[in-house]
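Using the working numbering, you'd call the opening residue of the sequence shown number 56 and step up by one each time.
Where is the CB? At the ideal position from N, CA and C, for every residue including glycine.
Input: a single structure, listed below in structure tokens.
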Amino acid sequence: MTIIKANSAHPYKLNASLSSVVEKLSFTTQLLQLSELESRLFFDNDQESSEKLTLALVVIDELMLIFPELSTILSKIKGIFEEHIGVLNNRCEALEKSMCNNSEDFKRLKKRYKKLALESLDIQAQAKDRRMKAFELKKEKNKLSEELLKKNDELIKLTEKFKRMEKELHHCLHKLSMGVNIKELSIQIPMRTNTKFDIDSQLSPIGPNFEFTPSPGGHEECFSPLYLQVPN
């Protein structure tokens, strides 16, 4: 029978009479070693994750010493763990690098955001000021529009008044012209009217205070001819 000494990878031969005793001693020793490894692996919760991982790899090495027949599979498991740990470390380095770059980007974005926030506040203040100015200008525009309407009404009234005054002035000038040429105006009286009213002459001068009204449809501006025809 071949058995293995504790903490040794080299097997040696025992005679058959001692085999049962050696087997019991070897099994007891293995249990004690396993119990020690278990306490080291499961009852130390204050360790960091990296320390626990290192301890797990050490436990695998000691298991290969305690159970040499499991050394192949334990070595394979350890290799898989180490390979996966290497991949995780590479990813961790890449993540740390990315986080560093992202941190720099975040700082730049934060700085840019503050700048944009200040610009936004300034633009909002300018917009508020322009709205106030636009409101004041609108009020002033409405006021000027009202004043313009009043001025237009006044202008219309003044225009009408001017036309009336112009007409009155023209009429006065016409009367004045008639007064200046009063000596040249005479009324031609028909023979029948002359005989009926015992008028000495058919031509009767118009006195300075004489007023008459033109015939309907005639012009007020002038009297033509110079002699007015009196009906029979």
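8 angstroms Cβ cutoff met for K133 and I121 | For the purposes of this step, residue 133 is taken as the residue at position 78 of the sequence shown. For the purposes of this step, residue 121 is taken as the residue at position 66 of the sequence shown. Contact: no.
What's the call for L86, buried or exposed, on a 16-neighbour Cβ count within 10 Å?
-> Reading the sequence shown from its first residue, position 31 is the one you call residue 86. It is exposed - the Cβ of L86 has fewer than 16 other Cβ atoms within 10 Å.
Cα-Cα separation, I128 to M119 | Here residue 128 is taken as the residue at index 73 of the sequence shown, counted from 1. Here residue 119 is taken as the residue at index 64 of the sequence shown, counted from 1. So the two alpha carbons sit approximately 9 angstroms from each other.
Go ahead and label K238 buried or exposed: buried means 16 or more other beta carbons lie within 10 angstroms of its beta carbon, across all protein chains shown.
-> Here the question's residue 238 lines up with position 183 in the sequence shown. Because the pLDDT of K238 is 48, which lies under 50, any placement of that residue in the model is unreliable, and the question is left without a value.
Please report the Cβ distance between E117 and L92, rounded to the nearest whole angstrom; I am assuming they are in contact, meaning their Cβ atoms lie under 8 angstroms.
-> Taking the sequence shown and counting its residues from 1, one reaches residue 117 at position 62. Taking the sequence shown and counting its residues from 1, one reaches residue 92 at position 37. Right, the Cβ-Cβ distance comes to about 6 angstroms (below 8 angstroms), so this counts as a contact.
Starting from E106, trace the alpha helix (DSSP H) both ways and give me its first and last residue.
-> To locate residue 106, count along the sequence shown from 1; it is residue 51. Here the alpha helix (DSSP H) through E106 covers S104 to I121.
Backbone CA spacing between L173 and C155 [nearest angstrom] | Taking the sequence shown and counting its residues from 1, one reaches residue 173 at position 118. Taking the sequence shown and counting its residues from 1, one reaches residue 155 at position 100. Within the model, the alpha-carbon separation for L173 versus C155 is close to 27 angstroms.
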